[in-house]
Amino acid sequence: MDLSEVFVSLGRPALDDLVRRISLGALRTYQMFDSFKIRTRLGKLNADHLRKAAPHLWERLEQKDEDLARELAHAVLVSQIAFVVEVLDFLGVSHDGSGFLTKDAALDKQLTEGWQQRVLEAFRDRYPEPLIRLYINHLTWEADKQAPVFAG
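Mapping of the sequence shown onto my numbering: residues 828 to 979, in sequence order.
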């Protein structure tokens, strides 16, 4: 799977919602601000410019811009790191305590059959579905780049 496919499968309204969830402070904290600004091709990165750039980002995702898709997924997920930690803890996946996978994490062994649906059901009432599906697919992508997109 390509991460651009994940965003396209979520749809344009979901992209708008996910873009609004990006925390510029989190990007600075995780030293992603400059690379994200460059990848989004924004001269000035602020919430308003990012929101207005969503149509252009969507076009690039539809054209399978994988570098943008990876950067965008990471920006959304570091901005929602508490959610990421909750999911990893729920699944029993080893991480560094801050939601980042350990180098020796054998995801294919830690993710048991049906885990995607279990995560969707467990978190659906507390988090927006596009965020949940983005993370499910991102985690799937980390485990197996050839896996199909999980649509829910």
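Beta carbons: idealized from backbone N, C-alpha and C, even for Gly.
Only a predicted model underlies this, so the values are computations on that prediction, with no experimental measurement involved.
Proximity of residue i and residue j at Cβ, strictly below 9 Å
| i | j | result |
| --- | --- | --- |
| Phe-977 | Phe-950 | no |
| Leu-938 | Ala-900 | no |
| Leu-903 | Arg-848 | Reading off the sequence, residue 903 comes out as Val, not Leu. Closer than 9 Å, so yes. |
| Asp-843 | Arg-866 | no |
Same chain, Cβ closer than 8 Å to residue i, five either side skipped, listed in chain order
| i | result |
| --- | --- |
| Trp-968 | Met-828, Leu-830, Val-833 and Ala-974 |
| Asp-923 | Thr-929 |
Rounded separation between residue i and residue j - CA only
| i | j | result |
| --- | --- | --- |
| Val-912 | Arg-953 | 14 Å |
| Met-859 | Leu-845 | 17 Å |
| Gln-943 | Leu-869 | 34 Å |
| Thr-929 | His-883 | 34 Å |
| Ala-880 | Ala-874 | 10 Å |
| Ala-853 | Gln-907 | 9 Å |
| Ser-921 | Arg-878 | 34 Å |
| Phe-917 | Tyr-962 | 13 Å |
Chain-order list of residues whose beta-carbon lies under 6 Å from that of residue i (same chain, five-residue window excluded)
| i | result |
| --- | --- |
| Leu-872 | Lys-864 |
| Gly-919 | none |
| Ala-841 | Pro-957 |
message = For the pair the segment 953-965 and the segment 834-849, tell me if three or more CB-CB distances fall below 8 Å.
response = yes
- prompt: Fully enclosed by the segment 875-919, which alpha helix (DSSP H) runs are 4 residues long or longer?
  reply: Runs found: 893-906 and 908-918.
Item checked: Secondary structure, alpha helix (DSSP H): runs of 4+ residues fully inside the segment 836-861 -> 839-847 and 851-856
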